[in-house]
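S.K.: Note that the numbering used here has the sequence shown beginning at 211, numbered continuously upward.
C-beta: ideal position from N, C-alpha, C; glycine also.
Here you go, one structure.
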Amino acid sequence: MNTDELLRQYDNGKRDFILANLSDACLTERCLVQIDLSQSQLIDANLSQSNLQCANLSSAVLTRATLWRSNLTSASLMSANLNEARSIAAILNGIDGDRASLHKADLRLASLRGANLTHVNLVGADLRYADLTGVNLTGANLSRANLTGANLTKADLRGVTLAQAILENTNLSEASLIDVDLSCVDLRHAILG
211 MNTDELLRQY DNGKRDFILA NLSDACLTER CLVQIDLSQS QLIDANLSQS NLQCANLSSA
271 VLTRATLWRS NLTSASLMSA NLNEARSIAA ILNGIDGDRA SLHKADLRLA SLRGANLTHV
331 NLVGADLRYA DLTGVNLTGA NLSRANLTGA NLTKADLRGV TLAQAILENT NLSEASLIDV
391 DLSCVDLRHA ILG
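Below is the structure:
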């Protein structure tokens, strides 16, 4: 399916595009609210500044996709592959990203307030200045992640791996830090209270 066909069908009311192949697609500045792209291929796709609120991207492959300033509020990203995705300043509030993979993803300045990121893979992710207020990261792996200036106020970090993560000026006020792996982490400049 090409992008023109998808947009035409979407404009005519269709929302179900399960298993679509949209690799390398350019879908910038589009309104795709409640679209179902579960299990779809969106490798290297450009979705910058698009409105994907309440979209279903469960088990979709978005490797190296560009989601710059996209709005994915309340979207489902369960088990999605967003490895190396560029989601700078994206709005990801309230997403369900259970078991998603965001290995080396760029989430600088992204807003993930209240997101469910249980058991997510954020190894080597760039989360500088991201807003993770109230996020559930239970069992997540953030080894080698850069959390400089990130806000994790009231975050649930039970069982999280933060080995070798950078926590420079990271706000961990009121965060649950039970059974957190802080191997080789410097907490001297983190905000803990």
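#1: Would you decide whether D246 is buried or exposed? Buried here means 16 or more other CB atoms lie within 10 Å of its CB.
#2: When the Cα atoms are used, what is the spatial distance from V370 to S393?
#3: Anyone know if the C-beta pair for R323 and G344 falls short of 8 Å?
#4: Is Q374 helix, strand or coil when you go by DSSP?
#5: Is the CB-CB distance between L347 and V330 below 8 Å?
#6: From what residue to what residue does the alpha helix (DSSP H) around L217 run?
#7: May I ask you to list the residues that DSSP assigns as paired with V271?
#8: For D396, is the classification buried or exposed, using 16 other Cβ atoms within 10 angstroms of its Cβ as the cut-off for buried?
#9: In or out: Q244 buried (at least 16 other Cβ within 10 Å) or exposed?
M.R.: Concretely, from the data shown:
#1: D246 should be labelled buried.
#2: The alpha-carbon atoms of V370 and S393 are separated by roughly 11 Å.
#3: The answer is yes: Cβ separation under 8 Å.
#4: Q374: coil per DSSP, three-state reduction.
#5: Yes, the Cβ-Cβ distance between L347 and V330 is below 8 Å.
#6: That run of the alpha helix (DSSP H) goes T213 to D221.
#7: Answer is Q251 and N291, bridged to V271.
#8: Residue environment analysis places D396 among the exposed positions, since fewer than 16 neighbouring C-beta atoms fall within 10 angstroms of its C-beta.
#9: Around the C-beta of Q244, fewer than 16 other C-beta atoms lie within 10 Å, and the residue is accordingly described as exposed.
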